[in-house]
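173 is the number of the first residue of the sequence shown in my numbering; add one for each residue after it.
Idealized CB from N, CA, C, for every residue including glycine.
The block underneath contains the structure these notes are about, expressed in structure tokens.
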Amino acid sequence: MATTAGSCNVSSAPPPRYLGSGQGRLRLAPAASRRNSPLLRCSASGGDGPDKVLEKRRAELTARISSGEFTAQGPGWLAPVAARLAKLGPPGELAAGLLTKVAGGERRGPELPQAVGSLASVAGEAFFLPLYDLFLTYGGVFRLNFGPKSFLIVSDPDVAKHILRDNSKAYSKGILAEILEFVMGTGLIPADGEIWRVRRRAIVPALHQKYVTAMIGLFGNASDRLCQKLDKAASDGEDVEMESLFSRLTLDVIGKAVFNYDFDSLSYDNGIVEAVYVTLREAEMRSTSPIPTWEIPIWKDISPRQRKVNEALALINNILDELIATCKRMVDEEDLQFHEEYMNEKDPSILHFLLASGDDVSSKQLRDDLMTMLIAGHETSAAVLTWTFYLLSKYPNVMSKLQAEADAVLGDGLPTLDDVKKLKYTTRVINESLRLYPQPPVLIRRSLEDDMLGEYPIGKGEDIFISIWNLHRCPKHWDDADVFNPERWPLDGPNPNETNQKFSYLPFGGGPRKCVGDMFATFETVVATAMLVKRFDFHMAPGAPPVEMTTGATIHTTKGLNMTVTRRIKPPVIPNLEMKIVSDSEGSTSSTASVAVSAASIASGEGQQVEVSTSQV
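The structure is reproduced here in structure tokens:
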């Protein structure tokens, strides 16, 4: 059960492992040896307990921090120098004040704990994992410096709430907008200020109830196509790499939902999935690179990586051009009467809605929005499904309950909206998967003015990482924080969200900038999960490589999710219903009795007919 009563401010009430403010600054020394691989990776833990390598790394890091190896004291010269200057009269007092301010000695509150070094100093881990170890040691707000860059790391729900909701106007997307500009421009995710407000007002109406209801059928159709592909693999006895299949599934969904275009990527590789991943990996690399080499004109032509990025963007942009032109022709030919819940039955796509509402087809802004929806709309859902099925392979008891619900709710046809609403346990499985593997694991903001984060003052222009990973796994927020337990939330209760979990749970962000597609993504992943587990059993493939994490906006695996898929042999359904037992001896009917029929009574009921009252079924 989630612990939500009261505030969990780690920075203000540190346990013994924590260092309070003023106890020195953390400094991460360069690792003795660094991997040359561009991937930062770590082993993912599952139902078999925490990964031994990960445990060892964390223990070593904690021991080194506790030993004082990384501790660097603040400038001890500042106070005596300032005191001597102050004795020189008003000019000296002014100089002392300026020196103190420049050196960071004048503050409205305590100094932030500070980590100096490089994320690469903790070799072999996805970038958000070292942040978790530092959070457990230094609290809910601390500064991390590496190279010329500096970030504030926030893992406190009260501070996250302040940034995302209470004082959201004082924060922009900052570095996120800068690193995504080359691919998404000023689309809805990276946009700030008036551009964001205008585009949100244009896009949100397209996600009306009638549209979402229509999408349930789309989710079912796409998932059924994946089932057919898996059925063939089961027949052939072939293992399957599920992460790539989930990416293809969600790309097909977003193609129809946004553009009314069938990418048919489950049938053949059109290159889009790989192109999207290339661009997102590039964006992440740019967020931490000390030198913006991509801004050097000649570098774009001679760098193999930049050439690959440019080719990926060209592929995606060419497809967008074709889709916009096709939809524009449809809208021009349509005798439409636009209204609040307008939806073309033949083309219910978001693009059609936007063009019908008067969006300028030639505008760069429309292209930026569509690029954002194409990339973010399939990337996040694919990651959710990947880690959900990884967790299900580790927790067979959860899989059994999930399959029982799918058997009870889903018929032979495609799911309906009413069916989806009844899939309560499936929804909790997705909720819990998003807690353990949030997509994305970090939110990025920049302060537009001076502010207070809890007890710590910050200035204008601070870049901030809100660690969703840390919030979702904090042992003070959650009982058995690392355990996959969908029933930590009651099935008959409200869906967990940022409000009822007091900002300790942020799978879709929070405040005005909360993801507009949260309902779309939830229904999509619930439908796909229920349909797949109803028809198949999933296990990690024999000899599959360890499932390790890397990041590319969302959490990916390093070598895929290799699974063995088999058709289910469902047990007979034995309803526990009141049934009439009619004796057939000598062809006569004796007195009847109402009994609760169990599997055992049916197995031993020779010479009896079981007559089921249809009113009970």
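For R618, is the classification buried or exposed, using 16 other Cβ atoms within 10 angstroms of its Cβ as the cut-off for buried? Counting from 1 along the sequence shown, the entry for residue 618 is found at position 446. Classification of R618: buried, given that the 10 Å Cβ count is 16 or more.
Can the beta-carbon of L360 be found less than 8 Å from the beta-carbon of D590? Numbered from its first residue, the sequence shown carries residue 360 at position 188. Numbered from its first residue, the sequence shown carries residue 590 at position 418. Contact: no.
Quick check: the Cα distance between I522 and I426, rounded to an integer number of angstroms? Taking the sequence shown and counting its residues from 1, one reaches residue 522 at position 350. Taking the sequence shown and counting its residues from 1, one reaches residue 426 at position 254. I426 has its alpha-carbon roughly 10 Å from the corresponding atom of I522.
Alpha carbon of L625 to alpha carbon of S475, nearest angstrom: Counting from one through the sequence shown, the residue named residue 625 turns up at place 453. Counting from one through the sequence shown, the residue named residue 475 turns up at place 303. Straight through space, the alpha carbons of S475 and L625 are spaced by roughly 41 Å.
Which same chain residues, not among the five before or five after A725, have their C-beta less than 7 Å away from its C-beta? Numbered from its first residue, the sequence shown carries residue 725 at position 553. For A725, where only same-chain residues beyond five positions count, the Cβ hits under 7 Å are L452, A455, E456, E551, P612.
Kindly indicate the opening and closing residues of the alpha helix (DSSP H) around V570. Looking up residue 570 in the sequence shown gives position 398. That run of the alpha helix (DSSP H) goes 568-581.
At the level of alpha carbons, what is the spacing between P362 and K536? Against the sequence shown, residue 362 aligns to sequence position 190. Against the sequence shown, residue 536 aligns to sequence position 364. Rounded to whole angstroms, P362 to K536 spans 14 Å at the Cα level.
Given this structure, state the Cα-to-Cα distance separating W650 from T671, to the nearest angstrom. As a first step, residue 650 must be located in the sequence shown, where it is residue number 478. As a first step, residue 671 must be located in the sequence shown, where it is residue number 499. Cα to Cα, the separation comes out at about 16 Å.
With DSSP as the reference, label Y628 as helix, strand or coil. Position 456 of the sequence shown holds residue 628. Y628 sits in a strand when the DSSP states are folded into three classes.
Residue closest to C399, alpha-carbon to alpha-carbon, out of S639, F710, K731: What you label residue 399 is simply residue 227 of the sequence shown in a count that begins at 1. Comparing C-alpha distances from C399 to each of S639, F710, K731 shows the shortest one belongs to F710.
Buried or exposed, going by whether 16 or more other CB atoms sit within 10 Å of the CB of D434? Indexing the sequence shown from 1 puts residue 434 at position 262. By the C-beta density criterion, D434 is exposed, having fewer than 16 other C-beta atoms within 10 angstroms.
When you compare only the Cα positions, how much space is there between L352 and V737? Taking the first residue of the sequence shown as position 1, residue 352 is located at position 180. Taking the first residue of the sequence shown as position 1, residue 737 is located at position 565. Rounded to whole angstroms, the separation of the alpha carbons of V737 and L352 is 37 Å.
What would DSSP say about E551, mapped onto helix, strand or coil? Position 379 of the sequence shown holds residue 551. Collapsing the DSSP output to three states places E551 in a helix.
Assign A497 to one of three DSSP states: helix, strand, or coil. For the purposes of this step, residue 497 is taken as residue 325 along the sequence shown, with counting starting at 1. It is helical.
Coil, strand or helix - S395 by DSSP: Taking the sequence shown and counting its residues from 1, the one referred to as residue 395 is at position 223. In this structure, S395 counts as helix in the three-state DSSP scheme.
Would you report the Cα separation of A298 and H728, rounded to the nearest angstrom? The count along the sequence shown starts at 1 and reaches residue 298 at position 126. The count along the sequence shown starts at 1 and reaches residue 728 at position 556. C-alpha separation (whole angstroms): 10 Å.
Put A455 into one of helix, strand or coil per three-state DSSP. The count along the sequence shown starts at 1 and reaches residue 455 at position 283. In the structure shown, the three-state DSSP call for A455 is helix.
Quick one: which unbroken beta strand (DSSP E) runs of 3-plus residues sit fully inside the segment 670-724? Chain order, please. Uninterrupted beta strand (DSSP E) stretches at least 3 residues long and entirely within the segment 670-724 occur at 708-712, 720-724, given in chain order.
Any idea if K333 is buried or exposed, counting beta-carbon neighbours within 10 angstroms, 16 or more meaning buried? Taking the first residue of the sequence shown as 1, we reach residue 333 at position 161. Buried is the call here.
If we ignore side chains and look at the alpha-carbon of each, how far apart do F418 and T558 end up? Locating residue 418 in the sequence shown gives position 246, counting from the first residue. Locating residue 558 in the sequence shown gives position 386, counting from the first residue. If I take the Cα positions, the gap works out to 7 Å.
The alpha helix (DSSP H) enclosing V602, as first and last residue numbers: Here residue 602 corresponds to residue number 430 of the sequence shown, with the count starting at 1. Note that residue 602 is Ile in the sequence shown here, rather than Val. First-last of the alpha helix (DSSP H) with I602: 596-608.
How big is the Cα-Cα spacing for P282 and F314? Mapped onto the sequence shown, residue 282 falls at position 110. Mapped onto the sequence shown, residue 314 falls at position 142. Within the model, the alpha-carbon separation for P282 versus F314 is close to 11 Å.
If we ignore side chains and look at the alpha-carbon of each, how far apart do V450 and G409 end up? Start at 1 with the first residue of the sequence shown, and residue 450 comes out as number 278. Start at 1 with the first residue of the sequence shown, and residue 409 comes out as number 237. CA-CA distance, V450 to G409, rounds to 32 Å.
DSSP puts E134 in a beta bridge; with which residues? Here the chain comprises residues numbered 173 to 789, so residue 134 is not present and cannot be evaluated.
Cβ pair V705, S395 closer than 8 Å: On the sequence shown, position 533 is the one that residue 705 refers to. On the sequence shown, position 223 is the one that residue 395 refers to. Not a contact, by the Cβ cut-off of 8 Å.
If you draw a straight line from the alpha carbon of T166 to that of K321, how long is it in whole angstroms? No answer is possible for residue 166: the residues shown for the chain start at 173 and end at 789.
From the DSSP secondary-structure annotation, give me the bridge partner or partners of S322. Locating residue 322 in the sequence shown gives position 150, where the first residue counts as 1. The beta-bridge partner set that DSSP reports for S322 consists of N317.
Beta carbon of V570 nearer than 8 Å to that of V601: Here residue 570 refers to the residue found at position 398 of the sequence shown. Here residue 601 refers to the residue found at position 429 of the sequence shown. Remark: C-beta atoms of V570 and V601 approach each other more closely than 8 Å.
Taking DSSP as the reference, what is the three-state secondary structure of S344? The residue you call residue 344 lines up with position 172 of the sequence shown. It is a strand residue.
Among P464, Y609, G585, whose alpha-carbon lies nearest the alpha-carbon of E350? For the purposes of this step, residue 350 is taken as the residue at position 178 of the sequence shown. The option with the nearest alpha carbon to E350 is P464.
Rounded to the nearest angstrom, what separates K594 and F354 at their Cα positions? Here residue 594 is taken as the residue at index 422 of the sequence shown, counted from 1. Here residue 354 is taken as the residue at index 182 of the sequence shown, counted from 1. Approximately 42 Å between the Cα atoms of the pair.
Using the C-alpha atoms, what's the distance from F561 back to F323? For the purposes of this step, residue 323 is identified with residue 151 of the sequence shown, where counting begins at 1. For the purposes of this step, residue 561 is identified with residue 389 of the sequence shown, where counting begins at 1. Answer to the nearest angstrom: the Cα atoms are 33 Å apart.
Measuring only the C-alpha atoms, how far is P329 from L615? Locating residue 329 in the sequence shown gives position 157, counting from the first residue. Locating residue 615 in the sequence shown gives position 443, counting from the first residue. Looking at the two C-alpha atoms, the distance is approximately 13 Å.
Chain-order list of residues whose beta-carbon lies under 7 Å from that of R420 (same chain, five-residue window excluded): Counting from one through the sequence shown, the residue named residue 420 turns up at place 248. Cβ within range, chain order: S437, L438, V445.
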